[in-house]
Amino acid sequence: ARPAARRGNAAPAWQALRDEAMGCTRCPLYRDTTQTVFGEGPVDAPLMFIGEQPGDQEDLAGRPFVGPAGQLFDRALEEAGIDRRQAYVTNAVKHFKHERRGKRRIHQTPETPEIQACRWWLTQELELIRPRIIVALGATAGRALLGKAVTISRVRGAPIALEGGAQGWITVHPSYLLRVPDEARKAEERKRFVEELREIGEQV
Ligand code: URA
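If you're matching positions, the sequence shown starts at 3 in the working numbering and goes up one per residue.
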C-alpha cells in the first residue's frame, strides 16, 4: 500500500497533472475539440473506471460520462450499489474523436496512435490514484489498460492480476448496451453488466 505521506500529496499533483493535460497537443485530436476531458473523482479512490473517450456532450461539459452512455452507466452503478462519487472515472483518450456531418459530430473510434499518445496521461492517473480495482469499459479501455488488443468476450467475468498488485476487470462499454437492437437481449445484457458491477463493487 502507498504510504500515507504520499497519499497526502496526491491532490496537488493530480491538479497539476490535470492543468497540464488541458493544454495537451500530444496527438492531433485537440485541434477540433472544445477541451480536454480529464478524469474526475477522489484522488484516493479504491476503484477506477476507464472509458473510451469523451463523446459530444462530454466534450462540451468537460466531464466524463455525462451523455447518454454516462446516464446508463450511472443507473447501472446505482443498481449495483456503487456510489459513483467514491470512484475515479476517466477515459483512455481524453479528446473527442469525431467527424463532422453537417452540424452533427459523429463519434469515431480512437486508434492505436491516439490511445498510445494518451496513455501518457492514463499512466500518470493510475500512478497517482493507485486504485486497488481498475475497470476497463470496452475494448479501447482494455487495450489502454493491458497494452495489447483484447477480446471482451474472452476476458470478461474474471479479475485480471495487474502489475503493481491491482485487480483489473474488462467489460463492455455502456454505449454497447445502448446499441443492442433486440429489446429482450438488451435487457439481458444490461442485467449482466449490472451483475458484473455488483461483483466488482463487492471487492472494493
Ligand atoms: N463514452 C466514454 O467512453 N467516455 C465518456 O466519457 C463518455 C462516453
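From the three backbone atoms N, C-alpha and C, an ideal C-beta is built for every residue, glycine too.
query, result
"When you compare the CB positions of LEU74 and LEU199, do they come within less than 8 Å of one another, or not?", "no"
"Could you name the residues that DSSP lists as bridge partners for MET50?", "TYR90, ILE136"
"Taking the CB atoms as reference points, tell me whether HIS208 and LEU139 lie closer together than 8 Å.", "Outside the displayed range of the chain (3 to 206) lies residue 208, so it cannot be described from this structure."
"In chain order, what residues of the same chain lie with their CB nearer than 8 Å to the CB of ILE162, ignoring the 5 residues before and after it?", "LEU148, GLN169, GLY170, TRP171, ILE172"
"At the level of alpha carbons, what is the spacing between ILE135 and LEU49?", "5 Å"
"If you reduce the DSSP assignment to three classes, tell me which class ARG103 lands in.", "strand"
"Could you give the DSSP three-state label for ILE84: helix, strand or coil?", "coil"
"In the DSSP output, which residue or residues are listed as bridge partners for GLY1?", "No answer is possible for residue 1: the residues shown for the chain start at 3 and end at 206."
"In the structure shown, what three-state DSSP assignment does GLU42 receive?", "strand"
"Indicate the three-state DSSP secondary structure (helix, strand or coil) for LEU79 in the structure shown.", "helix"
"What residues match up with HIS109 in a beta bridge as DSSP calls it?", "HIS100"
"Measure the CB-CB distance between VAL45 and LEU130 and report whether it falls below 8 Å.", "yes"
"With respect to 7 Å, is the separation between the Cβ of ALA15 and the closest non-hydrogen atom of the ligand URA below this value?", "no"
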